[in-house]
Amino acid sequence: MEDCIFCKIIRGEIPSAKVLETDTVLAFLDINPVSKGHTLVIPKTHYGAFPEMPVDVLASLGEALQKIGDAVKSKLNSAGFNVLLNNDRAAGQLIDHSHFHLIPRNLGDGVMDWPPVRPYAEGEMEAIRAALESAVT
28 MEDCIFCKII RGEIPSAKVL ETDTVLAFLD INPVSKGHTL VIPKTHYGAF
78 PEMPVDVLAS LGEALQKIGD AVKSKLNSAG FNVLLNNDRA AGQLIDHSHF
128 HLIPRNLGDG VMDWPPVRPY AEGEMEAIRA ALESAVT
């Protein structure tokens, strides 16, 4: 896509701090990191939303996430990491090129504390489960 910032990075029009590059995936450090080593992992083909990506592309992204996750633990001494994908504006997707965030974590770092729990009303969980199950089977 011509105006997509990530597509411009892929084409080399905008510099990036590349961590990993394959035929289908590019991973680079986020310029506004949540923690040191915060990496964006993107498909080289433009997909605006997660559901648009073919399974083989998702597999390549998953493999890259595993490698980078291992690297942040071994080289940056992170105790763990989060893998995050925001799909659509309502979920916080700011760039219309589907991408994963890999965010290195350590105990007590205060990064991305889990939001408060919102319990289901009586019978609501079963209704939601049934609706989702019928859509995916």
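So for the sequence shown, our numbering puts the first residue at 28; every next one is plus one.
Ideal Cβ placement from N, Cα and C applies to all residues, glycine included.
Worksheet item: Excluding five sequence neighbours on each side, which residues of the same chain lie with their C-beta closer than 6 Å to the C-beta of Met28?
Response: Cys34 and His73
Discussion item. Taking only three categories from DSSP, how would you classify Ile130?
Written reply: strand
Worksheet item: Are Ser183 and Gly64 closer than 9 Å when you measure CB to CB?
Response: Here the chain comprises residues numbered 28 to 164, so residue 183 is not present and cannot be evaluated.
Worksheet item: Excluding the five sequence neighbours on either side, which residues of its own chain have a C-beta within less than 8 Å of the C-beta of Leu56, listed in chain order?
Response: Ser43, Ala44, Val46, Gly64, His65, Thr66 and Leu67
Worksheet item: How would you write the range of the alpha helix (DSSP H) that Glu151 sits in, first residue to last?
Response: Glu151 to Val163
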